[in-house]
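Here the numbering used here runs 38 ahead of the position in the sequence shown, where the first position is 1.
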Amino acid sequence: MSQQRSSERADARRAAHYWRDALVAVLAGLAVMIVTAALGLWAAGAAGLPGNAFPRVVAAVVVLAVGGSVDLSGDAGVIAETKVGLTVMPLSVTLVGALVIATGFLRPLRHRAVASTRELAGWAARMAAVWVLALIALAALARHSFAIRLGDRTIADIGEVLDASPEVGFQADIALTLVFGLLWLAGLLVLALLVSRKAPLPARLVRFQESVRPAAFAMVALLLAYVVLGLVTGLVVLVTRGHPAETLAVILLGLPNLVWLALTLGLGASWEGKVQGPFGLPVPHVLDSVLRTSDVSTLNLSSLSEHDGRAWWLLVVAALLLPAAAFLMAARSPARMRPWQHAVHMAVALALTVLTICLVARLSAHYGLSLLGLGDNGGGLDGEVFLRPNLWTALGLAVVWGLAAGFVGSLLAARVHRRGEVEAAAN
Numbered sequence: 039m040s041q042q043r044s045s046e047r048a049d050a051r052r053a054a055h056y057w058r059d060a061l062v063a064v065l066a067g068l069a070v071m072i073v074t075a076a077l078g079l080w081a082a083g084a085a086g087l088p089g090n091a092f093p094r095v096v097a098a099v100v101v102l103a104v105g106g107s108v109d110l111s112g113d114a115g116v117i118a119e120t121k122v123g124l125t126v127m128p129l130s131v132t133l134v135g136a137l138v139i140a141t142g143f144l145r146p147l148r149h150r151a152v153a154s155t156r157e158l159a160g161w162a163a164r165m166a167a168v169w170v171l172a173l174i175a176l177a178a179l180a181r182h183s184f185a186i187r188l189g190d191r192t193i194a195d196i197g198e199v200l201d202a203s204p205e206v207g208f209q210a211d212i213a214l215t216l217v218f219g220l221l222w223l224a225g226l227l228v229l230a231l232l233v234s235r236k237a238p239l240p241a242r243l244v245r246f247q248e249s250v251r252p253a254a255f256a257m258v259a260l261l262l263a264y265v266v267l268g269l270v271t272g273l274v275v276l277v278t279r280g281h282p283a284e285t286l287a288v289i290l291l292g293l294p295n296l297v298w299l300a301l302t303l304g305l306g307a308s309w310e311g312k313v314q315g316p317f318g319l320p321v322p323h324v325l326d327s328v329l330r331t332s333d334v335s336t337l338n339l340s341s342l343s344e345h346d347g348r349a350w351w352l353l354v355v356a357a358l359l360l361p362a363a364a365f366l367m368a369a370r371s372p373a374r375m376r377p378w379q380h381a382v383h384m385a386v387a388l389a390l391t392v393l394t395i396c397l398v399a400r401l402s403a404h405y406g407l408s409l410l411g412l413g414d415n416g417g418g419l420d421g422e423v424f425l426r427p428n429l430w431t432a433l434g435l436a437v438v439w440g441l442a443a444g445f446v447g448s449l450l451a452a453r454v455h456r457r458g459e460v461e462a463a464a465n
């Protein structure tokens, strides 16, 4: 009986320890996301928003960063109509949170060769339970409304007389935020298991790690390399070009949005977009210039180079970093793998990476006010921003680049000592 009680107490202590690790991982990730979002919004000037709105806007940005849904609404009275909409994912906030949560998830699992499916599911379930509570709290806080000042004085006077002063507000959709937030967490934990060499897998999945893990690691390294290059460039611009607050806001809120867009452009992909009205993109001036036209614009290396010839450096960077990522993949793969296998693995991994970028880096925003038939004709009452990829072209180019880079990377890694070489020689 005493042994049974001792075993039960040990199990209780172990369960409490597991819950503590899950709580620390989630709260640490959430904390860095909130701090990053708050600093970025502060640099963008959002700290001065009326009605104690700043913490609510921070909460909304974090909700968007994990794939949650924030609905916008407008109200301008019975004789006016307000239309608003926003779709964007602040990937700087997403990235810092993902790195911290993934580290917290993997830390207790290190130094293990194999783990059961039940054990891994238990870890994920504990983190998901804490994550759900955090999402509910964020979504409940992420709601506010603002009064919009009409730019044209005549229209403003009409609005005051007719009591049609427009308001715009936002409110997180709790149900959708929970669904997409849990999908975001599940994808993050699966990716963490795929990337880390030291993370244990169920025994029946171990045979897949030789083909999947090196490619997944190479893609994460490629994306982080672009982020590091973008961060260095951003800091140089911050110091040398002026407008430090705006530059800092871009770094803290949307740096991966820009640099991963640059990756697809370097591959030769094209995007379609438009910037109209008072809205603008928090991006380099050349990108805003390409998109600010009367019609939908095509964004690619050619259109960028018409405004700035340095855009062709995106092609050079892609041509250097992709073989480097393929070399890293090949060097971490077993020696028995053939160059064509590396090429196929690289093509599939790069296509999935580009697909992910195309899904998370697109954006759209719209605000429009119609008052007595007046709306788009002055006063800055209408604006639209959107950016979307030509998806199938981007995926096709990713496959071609992946095949070529994978083959080159395999040849570069031919003289690197890899797993399996000693065993092959001994046989």
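Quick reminder that beta carbons are idealized off the backbone N, C-alpha and C, glycines included.
With respect to the C-alpha of Val170, the residue from Val99, Asn90, Val64 having the closest C-alpha is Val64.
DSSP places Trp309 in no alpha helix (DSSP H) but in the uninterrupted beta strand (DSSP E) bounded by 309-314.
Taking C-beta separations shorter than 6 Å and ignoring five residues to either side along the sequence, the partners of Ala364 in its chain run Met384, Ala443, Gly444, Gly447, following chain order. If you ignore the 5 residues before and after Leu144, its C-beta comes within less than 6 Å of the C-beta of Ala230, Ser234, Ala237, all in its own chain and listed in chain order.
No residue range can be given for Ser234, since it is assigned to no beta strand (DSSP E) and is classified by DSSP as neither H nor E.
Ranked by Cα distance from Leu435, the options Ala356, Ala368, Val423, Ala403 are led by Ala356. Under the three-state reduction of DSSP output, Ala403 falls in the strand class. Taking a 10 Å sphere around the C-beta of His281, we find fewer than 16 other C-beta atoms and assign the residue as exposed. By the 16-neighbour rule on beta-carbons within 10 angstroms, Pro128 is buried. The three-state reading of DSSP puts Arg245 in helix, counting H, G and I together. Within the DSSP bridge table, the entry for Asp109 names Gln209 as partners.
When the alpha-carbon of Gln379 is set against those of Ala180, Pro252, Gln314, the nearest one is in Pro252.
Positions of the alpha helix (DSSP H) runs, each at least 4 residues long and wholly inside the stretch 245-307, are given as 247-278, 282-304 in order along the chain. Closest option to Ala172, judged by alpha-carbon separation, among Gln209, Gly207, Leu223, Val277: Leu223. Taking a contact as a CB-CB distance under 8 Å, the pair Trp298 and Ile395 counts as one, their CB atoms being some 5 Å apart.
Using a 10 angstroms sphere on the CB of Leu337, the tally of other CB atoms reaches 16 or more, which defines it as buried.
Check the Cα spacing between Met257 and each of Leu366, Trp351, Leu433: the tightest is with Leu366. Across the set Asp326, Ala307, Ala389, Ser332, the C-alpha of Ala307 shows the shortest separation from the C-alpha of Leu352. In the DSSP assignment, Ser327 falls outside any beta strand (DSSP E) and within the unbroken alpha helix (DSSP H) covering 323-329. Comparing alpha-carbon positions, the option among Val398, Leu176, Val313, Phe218 lying closest to Thr331 turns out to be Val313.
Between the beta-carbon of Ile289 and that of Gly272 there is about 5 Å, and that keeps the pair under the 8 Å contact cut. Distance check between Leu429 and each of Leu390, Val277, Glu157, Ala163 places Leu390 closest, using alpha-carbon atoms only. DSSP, read as helix, strand or coil, puts Gly89 in coil.
Going by DSSP, Leu176 is part of the alpha helix (DSSP H) stretching over 155-179. The alpha-carbon separation between Arg370 and Pro146 amounts to approximately 23 Å.
Within the same chain, and ignoring the five residues on either side of Arg94 in sequence, the residues whose Cβ sits closer than 7 Å to its Cβ are Leu179, Ala180, Arg181, His182. DSSP, reduced to helix, strand and coil, places Pro372 outside both helices and strands of the structure shown, so it counts as coil.
Within its own chain, the residues whose Cβ lies closer than 6 Å to the Cβ of Ala387, once the five positions on either side in sequence are excluded, are Ala253, Met257, listed in chain order.
The continuous stretches of alpha helix (DSSP H) do not include Ser332, and DSSP gives it neither H nor E. Within the same chain, Glu310, Arg400 come within 6 Å of Arg426 by CB-CB distance, once the 5 residues on both sides are set aside.
DSSP, reduced to helix, strand and coil, places Arg426 within a strand of the structure shown. The C-beta separation of Asp346 from Val382 comes to about 36 Å, leaving the pair out of contact by the 8 Å criterion. For Gly142, the enclosing alpha helix (DSSP H) begins and ends at 129-144. Residue range 377-398 is occupied by the alpha helix (DSSP H) that includes Trp378. Distance between Leu227 and Glu344, taken at the CA atoms: about 42 Å. Rounded to whole angstroms, the separation of the alpha carbons of Ala75 and Ala452 is 44 Å.
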